[in-house]
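Here the structure comes first, spelled out in structure tokens, and everything after it is commentary.
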Amino acid sequence: MKLSFKIIILSFLTISSCKLQQNEKSESNPNPPKAEFTKFDLGESDLPTLKNVVNDYESLFTIEQLEKLTLLIREYEKTTSNQIAIVSIKSIGKYTDFSQFAIDLSNYNGVGQKEKITV
């Protein structure tokens, strides 16, 4: 379980870094992918409901990047049975600890497999 969260955080940081470098080299995408999303689709929780393995609520990725990330994550899950989700959001809201936010977000959306959880 801890390894999965480290992978999620590492993936997010790596992708954010790549996106920052891409933005420095070129202008932003004039037609960013549209996310069907309003106020995180809040229900009883302050956490977003994830709709895919890549949830780009800040329109950081091109359609090609979204497709490639989705394929990479699905292939990784097939070979390892570990689950990963990528989420781009403006803020973590009321949370002050990113790790706790990632844990709560994963638990809320059922990312990971109960039988593989080790503490």
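First residue of the sequence shown? That's 14 in the working numbering, and the numbers climb one at a time after it.
All C-beta atoms, glycine included, are put in the ideal place defined by N, C-alpha and C.
- V67 and I97 have their alpha carbons spaced roughly 9 Å apart.
- The C-beta separation of Y70 from S101 comes to about 6 Å, placing the pair in contact by the 8 Å criterion.
- Non-local C-beta neighbours of F114 in its own chain, meaning closer than 6 Å and more than five positions away in sequence, comprise I105 and Y108, ordered along the chain.
- S101: member of the beta strand (DSSP E) spanning I99 to S101, first to last residue.
- Counting along the chain, the unbroken alpha helix (DSSP H) around D117 starts and ends at F111 to N122.
- Within 10 angstroms of the beta-carbon of L84 lie fewer than 16 other beta-carbons, which makes it exposed.
- For N65, no beta strand (DSSP E) run applies, since DSSP gives it neither H nor E.
- For a cut-off of 8 Å, the C-beta gap from L63 to D117 is around 12 Å, too long to register as a contact.
- Bounds of any alpha helix (DSSP H) do not take in I105, whose DSSP letter is neither H nor E.
- Shown here for I86: same chain residues with a beta carbon closer than 6 Å to its own, the five before and five after excluded, namely V66 and I97 in chain order.
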